[in-house]
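Data block below; observations after.
There are 2 protein chains.
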Amino acid sequence: MATKHIAQWVVNLQTVPSTTRIAALRSLYNYIGCAVGGSNHPAVSKAHNALSPFFGPATSSLLGHQKRSRTDAQHAALLNGIASHVHDYDDTHLATIIHPTGPIASALLAWAEYQGGVSGEELLVALTVGIEVSCKLGLAVWPTHYDVGWHITSTTGVIGAAVAVGKLMGLKELELSHALGIAAVQVIGLREMFGSDTKSFHPGRAASSGLLAAVMARGGYTSSESALEAKRGWANVVAGGGTPRLDELVATLGETWEIEANSFKPFPCGIVCHPAIDAAIRCHGEMQERRLSPAAVKSVKLRVHPLVVELTSKARPKDGLEAKFSVFHGCAVGLLYGRAGPAQYADDVVASQAVIAVRDRIEIVSDDSLAADEVYLALHHEDGTNLDQHIEHAIGSVKVPMTDVQLTEKFVDQVAPVLGDRGARTASTAAWSIGEAEDITQVMQILKAAEGAR
Amino acid sequence: MATKHIAQWVVNLQTVPSTTRIAALRSLYNYIGCAVGGSNHPAVSKAHNALSPFFGPATSSLLGHQKRSRTDAQHAALLNGIASHVHDYDDTHLATIIHPTGPIASALLAWAEYQGGVSGEELLVALTVGIEVSCKLGLAVWPTHYDVGWHITSTTGVIGAAVAVGKLMGLKELELSHALGIAAVQVIGLREMFGSDTKSFHPGRAASSGLLAAVMARGGYTSSESALEAKRGWANVVAGGGTPRLDELVATLGETWEIEANSFKPFPCGIVCHPAIDAAIRCHGEMQERRLSPAAVKSVKLRVHPLVVELTSKARPKDGLEAKFSVFHGCAVGLLYGRAGPAQYADDVVASQAVIAVRDRIEIVSDDSLAADEVYLALHHEDGTNLDQHIEHAIGSVKVPMTDVQLTEKFVDQVAPVLGDRGARTASTAAWSIGEAEDITQVMQILKAAEGAR
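This is the structure we're talking about:
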């Protein structure tokens, strides 16, 4: 029933509550910043160069790109999906650690430009549909699915992308269930890849594979009509030994809106170490007030949620990519510089003696009584001072969300190195107003016009 | 170690034993027949039409196609992969029920034509490499991986395709391990899809995704270097609750050759019901000798391996696709016509009253003391005669392999409806000699020349 129920819900949904629409716009806005900001990353260039011999008709924009700025919809979905995730700076549905927008928006924008005449309003509804479906599916198999080793962003994202594009296409109920099925057999993403280029491949491939599923279903390609709930269907196969709660979660579609619980990363690294970075930045402020040198930290003890140890305990990251999974690095730059933005994750910063010296004085202790957005930090300074911080809810968490102003700062911070300062401001204004666009191709044009600034 | 070991083995392999080479040629020959034979199936047309707006430069042949007979390598891999499996007539590595050649050969041929200058010998070595890796991986996670619901053909095929193409490309060891990793995160295929178009999508998508993995690794895209064996790597995540025997199986690479155990289907349907069809065809012969009408069968009792019940117990298939998973249909046409070729799986045959009348008089009983290629058939005729058959090893099994002559008959039987009788003979000769080709593009040309016959 879950497959049919989802297909019906997606087909029948006309509008979404205003709070949901706001959440969708913030999600899309944050996505655009991430995708443009990631567009000049070496992983994206490598993928672009390797795949360009296979590019089809250039209908769909590669966000942020100046040259060769369009390709076919499938490759655009793949490359924008990689770019959106490559700095680990995207959004997070905290209850599942899904980064929901990347796979879905990458597929949607690529298809919308191919199709033409898609309004911003339609885009936001389709994005919402995709995010709701992927997050409900994620909740249905959480936590065993993630525990066993699946990268839940892409395993659920491919299905979200398929239904979202199917919604834009106006697929009928049966076609939509076929799209769901074709997407469900492409289970993409393993946590083992965290720290390599392949991690960002996951949302990219989820985008292109979800798009492909919708395209094939539209062409009459058939699938099982109980792809999700069957004995050997998606949920049971990928549940990692747990009992999926498929019917229970699917029944909440349209009643609780997962997109409203979507959060945005203030720091470009694994979200579980954000509380520690938040605490470190506050300590930096306190040290400044007390005129204590951050370089003269004697020892730092972090009491952290167990996932921090599991996911981000790289004690000696060798470059920026590995540093994203090092709570030690994040905490060190927070203490030293009072910032942990993209600049603090550059390879040379990660390898600098100043950072390493502080990093090596940090230890972490797992405490399963803590919430995921909570941390205790105890710092001993060489001058004898002790500083303590307790972060109950880290910045960027559901309880302490980033404001629109903070999101705009983050956007400009990401986009300026690609499109220039002025281009970034123009792009930001265009992205905030995408919901009003009669044809989102107009917005893509504005983003392209801004490219001249590079 | 498994990932590194495989990469080393693949890179270092220069030649294969002559028995292995023969098995590779037979596998490739059978594949070409299946892919050409499946090329005019509606599932292939639907996929072709849906995806054609995204086609890139036309470098690679669509086997059997007359019009629009080339596309980009990725789409060629996908579409040929679908065609090769769509009649469920392909090869089988019986120890794992993997149909190994489809994903790998589809990726290889598509890439070889793109690259140019690939000899038949290189192609056969690369095919062998891919099949060895996918079958060893399949054995390492068998049977729990299959039991939980993965379609093992495509879950292992995507990795086999990546290493095979990587071998043709001449990737270095580290690049090859990256290709392995990028392939391993794309886990494609659920058994729930058996009976829908999506089943044949599995090997197609495994082909295009494996090719993509090799292409990206060649472009410097990185992955985990322990993608297969890591705690949250491929084997542990997809093992379905079992304990993978990865090191044990990988150590046998080059010592035992899985491709030599590859078998070829004499009937275009689920392999587990082949013993029953074999028995039914023998019964048909016996009835003819005794001048008994096959239409006047009173009852048939089949004692079968449990997988027959699990996989092929559709008692009332509604069309040819469903009939492939009906031991009842296969047995009925075997009894009635003494044949179970593609013609006996046409929709109108499946729906005919004559077939249904016999089909409804067949019952099956599961017997776990039987081997997978074994069956007992007990037939009661309306005239009072009782006939019994015990098939110890079905035709097409490892013990009773199809001869080259039988393979040729099967090839021509499949290819003639697409390329005409004369075209089928020409194609057969070309396919048998592919190992001697200096550039396999020549063979593709011959296959294309034959197309004029349609």
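From first to last, the protein sequence lines stand for chains A and B.
For what it's worth, the numbering used here labels the leading residue of the first sequence as 1, then goes sequentially.
For what it's worth, the numbering used here labels the leading residue of the second sequence as 1001, then goes sequentially.
Glycine is no exception: its CB is placed at the ideal position from the N, C-alpha and C atoms.
Please read these numbers as outputs of a predicted model, since none were measured by experiment.
Length-filtered (4 minimum) alpha helix (DSSP H) runs lying within the stretch 1262-1307 of chain B: 1274-1289
CB contact flag (A/P53, B/P1057, <8 Å): yes
Opposing strand residues paired with A/V365 [DSSP bridges]: A/R303
Residues of its chain near A/H5, where Cβ-Cβ distance is below 7 Å and the 5 sequence neighbours each way are ignored: V250
Residue-level contact to chain B via CB, A/G452, 8 Å cutoff: Residue placement at A/G452 cannot be trusted, given a pLDDT of 47 that sits under 50; the coordinates are not used to answer.
Within chain A, partners of B/G1233 - CB distance below 8 Å: G149, L190 and E192
Nonlocal neighbours in the same chain, by C-beta distance under 6 Å from B/Q1089, ignoring five residues either side: The displayed chain sequence assigns Tyr, not Gln, to residue 1089 of chain B. Contacts found: C1034, K1265 and P1268.
Every unbroken beta strand (DSSP E) inside the stretch 154-234 of chain A [3 residues or more]: 186-188
Proximal chain A residues relative to B/R1205, where beta-carbon distance stays under 7 Å: Q186
DSSP beta-bridge partners of A/Q389: A/L377
Neighbouring residues, chain C, relative to A/Q74 (Cβ below 7 Å): In the structure shown, chain C does not exist; the protein chains are A and B.
A/K455 classed as buried or exposed, judged by whether at least 16 other C-beta atoms fall within 10 angstroms: Absent from the structure is residue 455 of chain A, since the part of chain A shown begins at 1 and ends at 454.
For A/I356, the three-state DSSP class (helix, strand or coil): helix
Interface flag, A/N80 vs chain B, CB-CB below 8 Å: no
Alpha-carbon spacing of B/A1279 relative to B/A1343, whole angstroms: 19 Å
Through-space distance from B/A1126 to A/G423, alpha-carbon basis: 49 Å
Member of B/V1133, B/S1352 and B/G1170 whose CA lies at the smallest distance from the CA of B/A1501: The question about residue 1501 of chain B has no answer here: the residues shown for chain B are numbered 1001 through 1454.
At least 3 beta-carbon pairs within less than 8 Å: the stretch 1355-1364 of chain B vs the stretch 1227-1247 of chain B: no
Chain-ordered neighbours of B/P1057 on chain A, where CB pairs are closer than 9 Å: P53, F54, F55 and G56
B/D1072: first and last residue of the uninterrupted alpha helix (DSSP H) it sits in: No alpha helix (DSSP H) holds B/D1072; DSSP gives it neither H nor E.
Cβ of B/V1141 within 8 Å of any chain A Cβ: no
Residues that B/K1458 contacts on chain A, provided the C-beta gap is smaller than 8 Å: This structure cannot settle anything about residue 1458 of chain B, because the visible part of chain B is limited to 1001 through 1454.
Other residues of its chain near B/N1386: CB distance less than 8 Å, five sequence neighbours each side excluded: A1378, L1379 and H1380
Among B/G1254, B/H1087 and B/G1138, the one whose alpha carbon lies nearest that of B/E1322: B/H1087
Residue-level contact to chain A via CB, B/A1227, 8 Å cutoff: yes
Closer than 8 Å to chain A by CB, B/S1084: no
Under 7 Å by beta carbon: chain A residues contacting B/V1237: V148, G149, W150 and L190
A/T3 burial status per 10 Å Cβ neighbour count (16 or more: buried): buried
Three-state secondary structure assigned by DSSP to A/I32: helix
Inter-residue Cα distance where the pair is A/K298 and A/A394: 25 Å
Limits of the unbroken alpha helix (DSSP H) element including B/D1247: L1246 to V1250
Rounded separation between B/S1045 and B/L1051 - CA only: 10 Å
Assigned exposure category for A/R316 - 16 Cβ within 10 Å defines buried: exposed
Enclosing beta strand (DSSP E) for A/H93 [first to last residue]: D91 to H93
Own chain residues within Cβ distance below 7 Å of B/A1112, not counting five before or after: V1118, L1123, L1168 and I1440
Which of helix, strand or coil DSSP assigns to A/W150: strand
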